[in-house]
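Take a look at the structure set out below.
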Amino acid sequence: MRKYLSILMVLGLVLLCIGCINKEIKGQIEEFVEKQEVYVNEKSLDGYIDTISKEEPEYVAEKKSWMRDILENNIEKYDLEVEKIKILDDDKVSLKLRQSYQYEGKKYSIQIPLLLVKENGCWKDHDLLFDEMVTPHFRIKYHKNLKKYAVAIKNVCENAYSNVQKRYGEGIEGKTIIKLYENQELLRQSVKLSFSWQFAGWYEYPESIKTTEFEDEETYRKILEHELIHKITIKKSNNNMPYWFSEGVAVYFANFPNQPKDFQTKEYYLNTYRDYEIDILKLEKANLEKMEEDKSIHCYYDSSGMVIKFIVEKYGVEKVKKIVEELGRFPYEEGTGSEINEQSIKRYHLVLEKVLGVCVEELNKEWIQFINEAE
Ligand SMILES: [Zn+2]
Numbered sequence: 426m427r428k429y430l431s432i433l434m435v436l437g438l439v440l441l442c443i444g445c446i447n448k449e450i451k452g453q454i455e456e457f458v459e460k461q462e463v464y465v466n467e468k469s470l471d472g473y474i475d476t477i478s479k480e481e482p483e484y485v486a487e488k489k490s491w492m493r494d495i496l497e498n499n500i501e502k503y504d505l506e507v508e509k510i511k512i513l514d515d516d517k518v519s520l521k522l523r524q525s526y527q528y529e530g531k532k533y534s535i536q537i538p539l540l541l542v543k544e545n546g547c548w549k550d551h552d553l554l555f556d557e558m559v560t561p562h563f564r565i566k567y568h569k570n571l572k573k574y575a576v577a578i579k580n581v582c583e584n585a586y587s588n589v590q591k592r593y594g595e596g597i598e599g600k601t602i603i604k605l606y607e608n609q610e611l612l613r614q615s616v617k618l619s620f621s622w623q624f625a626g627w628y629e630y631p632e633s634i635k636t637t638e639f640e641d642e643e644t645y646r647k648i649l650e651h652e653l654i655h656k657i658t659i660k661k662s663n664n665n666m667p668y669w670f671s672e673g674v675a676v677y678f679a680n681f682p683n684q685p686k687d688f689q690t691k692e693y694y695l696n697t698y699r700d701y702e703i704d705i706l707k708l709e710k711a712n713l714e715k716m717e718e719d720k721s722i723h724c725y726y727d728s729s730g731m732v733i734k735f736i737v738e739k740y741g742v743e744k745v746k747k748i749v750e751e752l753g754r755f756p757y758e759e760g761t762g763s764e765i766n767e768q769s770i771k772r773y774h775l776v777l778e779k780v781l782g783v784c785v786e787e788l789n790k791e792w793i794q795f796i797n798e799a800e
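For the sequence shown, our numbering gives the first residue as 426, with consecutive numbering after it.
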C-alpha cells in the first residue's frame, strides 16, 4: 500500500511540474502576443520585425510589407487575443489568435492559426501553421485542413511553370513558395490590412505567391500563371515597373491566353468599358488597391492588358520585354507595387523614350487612336 502511495505522490509531482511548465510557457506566449500588438499600435517596424522568425526570408519580407502598410494607413484599435494554445514541445507552440482592427469606419476580425518557435531562447512568430508539399519548382505551404487544395495546386503548378516559360521565354530561378490560406479574408489580412477588396492571388517581390481555396485545378493554374509572370518581370525590372504596367504584362502573358479570343477584341473592350475612357495617363493615376466597385477593378486589369496588347501590335513583343529589361538597369527599389509606383512611373517614362522612341503623351495619343479605330 505504501509503495502505491509513493508512486501516486511521484506521479502527482510530475503532473504538477508539467502544469507549472505549461503555465510558464502560456505566460510567455501571452507576453509575446501582447508585445506584437503593442508594436503594431505604436507603429514600430523594427520592434515588430524583431518578433518574426528569420528562418524564411520571404516571410520576413511579407511581414515588412504588412507592417509598412500599417505605418502608411490609419489602422485603428489593432487587437490580438489568444483563443487557444497548444504546446507542441518546449520550443514550439501553435495558437489560435483572434486579430481585430478598424479601418475607415469598418470593423474586421479573423482567427489566425499561428506557429511560434523558440529561437535562441526567444519566442518568434514563425508564420501560420503550415504543412508542406514539394515539386521540382515549388514548395506549397498549406494548413492541414486544406490538403485537397494543396494537392490541386501540386497537380497544376508545373504546367503553369512551363506555360509561362514558353510564353515569356524565360524561367524562374530557384523554388517558388506558394502559400495557401483558408479563405479570402485571411489572405487579404495576411497581405495588407488596408486593402479594400478580396483577391484570388497575390505576389510581391521577394515574397511567396499567395492564394486561397478554389474547387478546380484550372483556376489554380490560371492564378499561378498570372502570379508567375509577376515574379519573372518584377525580378527582371528590379521592382521598377509601374503598377498598371506590371498588371498589364501579367494580363497579356497570362490571362489573355487563357480567355476566349473575343475577350481581347477592341469591340468587346469598348462595349464593356467605353464609359470609363481609360488611357495610359489615367492608369498611372489610378489606385487599384483602393477601388471598391467590381467593374472598376476589372476595367483596370483589362485596360492594362489591352494597352500592352496595343504596344505589342504596334512595336512588337520584344519591345515590351525590352522595357522590362531596361527598367532593371535602375537600382532595386524595396517596397510593394503601390509604395514604389510614383518612382517607377518616372523611370518608365525615361525607358519609353529610349526603347520606343516616344514620350508617354505621344504613346497615349497612339493608344486612344488605336482603340477607337475599327479592327
Ligand atoms: Zn496581378
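For glycine and all other residues, C-beta sits at the position ideal for the given N, C-alpha and C.
Looking at C-alpha atoms only, which residue of D700, V745, E738, K591 is the closest neighbour of C724? D700
Using only alpha-carbon positions, find the residue among S490, D494, Q527 that is nearest to D504. Q527
Cβ of A675 within 7 Å of any heavy atom in ligand 1? yes
How would you write the range of the beta strand (DSSP E) that I535 sits in, first residue to last? 531 to 544
Let me know if A585 comes out buried or exposed under the rule of 16 or more other beta-carbons within 10 Å of its beta-carbon. buried
Can you find the residues in the same chain that come closer than 7 Å, C-beta to C-beta, to I648, ignoring five residues on each side of it along the sequence? A625, G626, T636
N-terminal and C-terminal residue of the beta strand (DSSP E) that Y806 is part of: As displayed, the chain neither begins before 426 nor continues past 800, which places residue 806 out of reach and without an answer.
I'd like the ranges of any beta strand (DSSP E) spanning at least 3 consecutive residues and lying wholly in the stretch 562 to 633. 563 to 567, 601 to 605
Per DSSP, C547 forms a beta bridge with which residues? E544
Beta carbon of H723: closer than 7 Å to some heavy atom of ligand 1? no
Is it true that the CB of V674 sits closer than 8 Å to the CB of I654? yes
Looking at C-alpha atoms only, which residue of E640, E643, E652, Q623 is the closest neighbour of S633? E652
K734, buried or exposed, once every other Cβ within 10 Å from all chains shown has been counted against 16: buried
Return yes when the C-beta of H551 is under 7 Å from any heavy atom of ligand 1, and no when it is not. no
Which residues DSSP lists as bridging T636, in chain order: L605, G626
DSSP on L553, reduced to helix/strand/coil? strand
Count the other CB atoms within 10 Å of the CB of I446; is the residue buried (16 or more) or exposed (fewer)? exposed
Status (buried if at least 16 other CB within 10 Å, exposed otherwise) for Y484: buried
Would you verify that the beta carbon of Y586 is, or is not, closer than 8 Å to some beta carbon of chain D? Judged by its chain identifiers, the structure shown contains no chain D, having just a single protein chain.
Compare the beta carbon distance of L777 and L788 with 8 Å and say whether it is the shorter of the two. yes
Using the C-alpha atoms, what's the distance from E786 back to D719? 28 Å
Give the straight-line distance between the Cα atoms of F678 and Y630, rounded to the nearest whole angstrom. 18 Å
Does the distance from the CB of I512 to the CB of L520 come in under 8 Å? no
Quick one: grab the DSSP three-state call for L505. strand
Residue environment, V581, which counts as buried when at least 16 other CB atoms sit within 10 Å: buried
Under the three-state reduction of DSSP, which class applies to V745: helix, strand or coil? helix
Closest to I748 by C-alpha separation, out of Y773, E598, K739, would be which residue? Y773
Cα-Cα separation between P561 and C784, rounded to whole angstroms: 43 Å
Hey, would you say E607 sits closer than 8 Å to L571, going by beta carbons? yes
Within its chain, find whatever has a CB closer than 6 Å to the CB of Q614; leave out the 5 residues flanking it on each side and keep chain order. I535
N- and C-terminal bounds of the alpha helix (DSSP H) containing T658: 642 to 661
Contact under 8 Å by Cβ, I722 with M716: yes
Roughly how many whole angstroms lie between the Cα atoms of I454 and L605? 25 Å
So for L788, helix, strand or coil by DSSP? helix
Report buried or exposed for Q623, applying the criterion of at least 16 other Cβ atoms within 10 angstroms of its Cβ. exposed
Let me make sure I understand the geometry here. Which of L541, N545, G546, R564 has the alpha-carbon closest to that of L554? L541
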